[in-house]
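Which chain is which? The protein sequence lines are A and B, in order.
So that you can map any letter, position 171 of the first sequence is 316 in the working numbering, and since no number is skipped, the others follow by simple counting.
So that you can map any letter, position 205 of the second sequence is 350 in the working numbering, and since no number is skipped, the others follow by simple counting.
Beta carbons are placed, not taken as given, at the ideal position from N, Cα and C, and that holds for glycine.
Number of protein chains: 2
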Amino acid sequence: MHSKANPSAVVLLSGGLDSATTLAIARSKGFSCYCLSLDYGQRHRAELAAAAKVAQSLGATEHRVMHIDLAAFGGSALTDTALAIPTTPAAGIPITYVPARNTIMLSLALAWSEVLGARDIFIGVNAVDYSGYPDCRPDYIAAFECVANLATKAGVEGKHLTLHAPLIQLSKADIIRQGLPLGVDYALTISCYQADAQGRACGVCDSCRLRKKGFADAACPDPTPYF
Amino acid sequence: MHSKANPSAVVLLSGGLDSATTLAIARSKGFSCYCLSLDYGQRHRAELAAAAKVAQSLGATEHRVMHIDLAAFGGSALTDTALAIPTTPAAGIPITYVPARNTIMLSLALAWSEVLGARDIFIGVNAVDYSGYPDCRPDYIAAFECVANLATKAGVEGKHLTLHAPLIQLSKADIIRQGLPLGVDYALTISCYQADAQGRACGVCDSCRLRKKGFADAACPDPTPYF
Numbered sequence: 146m147h148s149k150a151n152p153s154a155v156v157l158l159s160g161g162l163d164s165a166t167t168l169a170i171a172r173s174k175g176f177s178c179y180c181l182s183l184d185y186g187q188r189h190r191a192e193l194a195a196a197a198k199v200a201q202s203l204g205a206t207e208h209r210v211m212h213i214d215l216a217a218f219g220g221s222a223l224t225d226t227a228l229a230i231p232t233t234p235a236a237g238i239p240i241t242y243v244p245a246r247n248t249i250m251l252s253l254a255l256a257w258s259e260v261l262g263a264r265d266i267f268i269g270v271n272a273v274d275y276s277g278y279p280d281c282r283p284d285y286i287a288a289f290e291c292v293a294n295l296a297t298k299a300g301v302e303g304k305h306l307t308l309h310a311p312l313i314q315l316s317k318a319d320i321i322r323q324g325l326p327l328g329v330d331y332a333l334t335i336s337c338y339q340a341d342a343q344g345r346a347c348g349v350c351d352s353c354r355l356r357k358k359g360f361a362d363a364a365c366p367d368p369t370p371y372f
Numbered sequence: 146m147h148s149k150a151n152p153s154a155v156v157l158l159s160g161g162l163d164s165a166t167t168l169a170i171a172r173s174k175g176f177s178c179y180c181l182s183l184d185y186g187q188r189h190r191a192e193l194a195a196a197a198k199v200a201q202s203l204g205a206t207e208h209r210v211m212h213i214d215l216a217a218f219g220g221s222a223l224t225d226t227a228l229a230i231p232t233t234p235a236a237g238i239p240i241t242y243v244p245a246r247n248t249i250m251l252s253l254a255l256a257w258s259e260v261l262g263a264r265d266i267f268i269g270v271n272a273v274d275y276s277g278y279p280d281c282r283p284d285y286i287a288a289f290e291c292v293a294n295l296a297t298k299a300g301v302e303g304k305h306l307t308l309h310a311p312l313i314q315l316s317k318a319d320i321i322r323q324g325l326p327l328g329v330d331y332a333l334t335i336s337c338y339q340a341d342a343q344g345r346a347c348g349v350c351d352s353c354r355l356r357k358k359g360f361a362d363a364a365c366p367d368p369t370p371y372f
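Here you go:
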């Protein structure tokens, strides 16, 4: 599964704009991509369907959905429908933050990468046009890469594992500008925190606002269907 | 849920000797303990039943089992029944190693601790009488604590989270010597990699050998039922 011509990488894929662009970047670097999505009890399943379409359209080698019920822990508007999704900017870390979600997803990516013999993991976190989540920052990514190399058999054997976060310092407009020439079909992606069953977006949540502004700033037509 | 009199802690509980002792230590320090076990597709479920009994006998506040199918990734004799459990010591990291298991369990403990407002997580890893897994070493624990503090809302707010690994430098005999006066009933615990449905141990796997030697070195009768 691992050859010099086409090394394998695990790519975290949510079905949103950022992770789709990240997959396109990983593909453009010649990786054979194993995409991992997490069904964690999020409000809507439309994003998992979007992830499957994105994986196929960008030539992923495999797309796998892991299930874990983070709604059992609660504490986030993305897993608890009793908490409303905010539609105006607020100070601090918003209620849409899912506790430890990126750490959980990266740990699963780490497990799969170890079984595949892959030495590269891609995650589409962004610390510019983002919702202020702590687990999207460069220091966090560097710390997890350190854990990944200490945690695993490969790390013990001196085979370095690299955690790629190619979007981390880009604006949303720059992300779109990178993805378009790499063939990302943004119409397939869903960023909305409360998309409906048809995958249509609300247009007013934090994630929709950042996405809308990104297309506007990139002077690119917004292909998002809104309800 | 979080008071100065009885701070909350999340304790990873496998049902084995080490994590039972760790829970007893956390209780002796005055923590209200929220025990987390992982049903990850391991060969036998007897250890999950043992975890529930241990949690109750040591006065845990809550015991929760999360489900995630790590067998889907494969790569370990603990999740793949096609791979035999070794019964003699071998060089290197053994096939019973489950890729990234401790990282996955710690990331889930991190999620729960954040929702509970707990600032302490306990894990019963040991780097003396152990199977040579990379994710049991002190450097790994220190690196994950760093991730935990960068990943979370509490970390951003300057509320330090401590990852406790109180057994990490103890011999198996010393672990038993610590646990007995704290009320651990080792007859409830299961360490065997291939226990049967009644919870009886094989006596020959790596984990059984370490456990047997621990009771012998501690000059304590071994309460383990063997098949």
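query                                                                                                                         : result
Proximity winner among A:Phe267, A:Asp280, A:Lys198 and A:Arg354, relative to Ser153 of chain A (alpha-carbon distances)      : A:Phe267
Under the three-state DSSP convention, the category Cys347 of chain A falls into                                              : coil
Span of the beta strand (DSSP E) around Phe267 of chain A                                                                     : Asp265 to Phe267
Burial state of Gly160 of chain B, where buried means 16 or more other Cβ atoms lie within 10 Å                               : buried
Contact check, Ile320 of chain A vs Leu308 of chain A, beta carbons under 7 Å                                                 : no
Listed by chain order, chain A residues near Phe267 of chain B by CB distance under 7 Å                                       : Those within 7 Å of Phe267 of chain B in chain A number zero; the least Cβ separation is about 17 Å.
Beta bridge counterpart(s) of Tyr179 of chain A as assigned by DSSP                                                           : A:Val155 and A:Glu207
Stretch pair the stretch 239-257 of chain B + the stretch 205-217 of chain B: three plus CB contacts closer than 8 Å          : yes
Below-7 Å beta-carbon distance, Thr248 of chain A vs any chain B residue                                                      : yes
Selection of the stretch 294-310 of chain B by Cβ proximity to chain A, strictly under 8 Å                                    : Leu295, Ala296, Thr297, Lys298, Gly300 and Val301
Partner residues on chain B for Leu253 of chain A, Cβ-Cβ distance less than 7 Å                                               : Ile249
Inter-residue spacing [alpha-carbon to alpha-carbon] between Val301 of chain A and Phe176 of chain B                          : 34 Å
Any chain A beta carbon closer than 7 Å to Gly186 of chain B                                                                  : no
Under 9 Å (Cβ pairs) to chain A, residues found in the stretch 220-251 of chain B                                             : Gly220, Ser221, Gly237, Ile238, Tyr242, Val243, Pro244, Ala245, Arg246, Asn247, Thr248, Ile249, Met250 and Leu251
Whole-angstrom distance between Lys298 of chain B and Phe289 of chain A, CA atom to CA atom                                   : 16 Å
For Ala346 of chain A and Asn247 of chain A, the rounded distance between their alpha carbons                                 : 23 Å
Where Asp280 of chain A meets chain B, residues with beta-carbon distance less than 8 Å                                       : Leu295, Ala296 and Thr297
6 Å Cβ shell around Leu203 of chain B - same chain, five flanking residues per side excluded                                  : Leu168, Ala169 and Arg172
Extent of the continuous beta strand (DSSP E) to which Glu223 of chain B belongs                                              : According to the sequence shown, residue 223 of chain B is Leu rather than Glu. Here Leu223 of chain B belongs to no beta strand (DSSP E), and DSSP marks it neither H nor E.
Residue of B:Gly344, B:His189, B:Asn271 and B:Tyr179 minimising C-alpha distance to Ala200 of chain B                         : B:Tyr179
Members of the stretch 359-370 of chain A near chain B, C-beta cut-off 9 Å                                                    : none
Cβ-based contacts, 9 Å cut-off: residues of the stretch 188-217 of chain A near chain D                                       : Among the protein chains of the structure shown, namely A and B, there is no chain D.
Neighbour flag for Met146 of chain B against chain A, beta carbons, 7 Å                                                       : Below a pLDDT of 50, predicted positions are generally treated as unreliable, and Met146 of chain B, at 45, falls in that range; the measurement from the model is reported next regardless. By this cut-off, Met146 of chain B is not an interface position.
Exposure of Arg264 of chain B, with buried meaning 16 or more beta-carbon neighbours within 10 Å                              : buried
Inter-stretch contact (C-beta, 8 Å, three-pair minimum) for the stretch 266-282 of chain B and the stretch 277-291 of chain A : no
The beta strand (DSSP E) enclosing Thr307 of chain B, as first and last residue numbers                                       : Thr307 to His309
Rounded Cβ spacing between Ala254 of chain A and Leu181 of chain A (contact assumed at less than 8 Å)                         : 6 Å
Beta-bridge pairing of His212 of chain B - partner residues as DSSP gives them                                                : B:Asp184
Endpoints, the alpha helix (DSSP H) within which Val270 of chain A is located                                                 : Here Val270 of chain A belongs to no alpha helix (DSSP H), and DSSP marks it neither H nor E.
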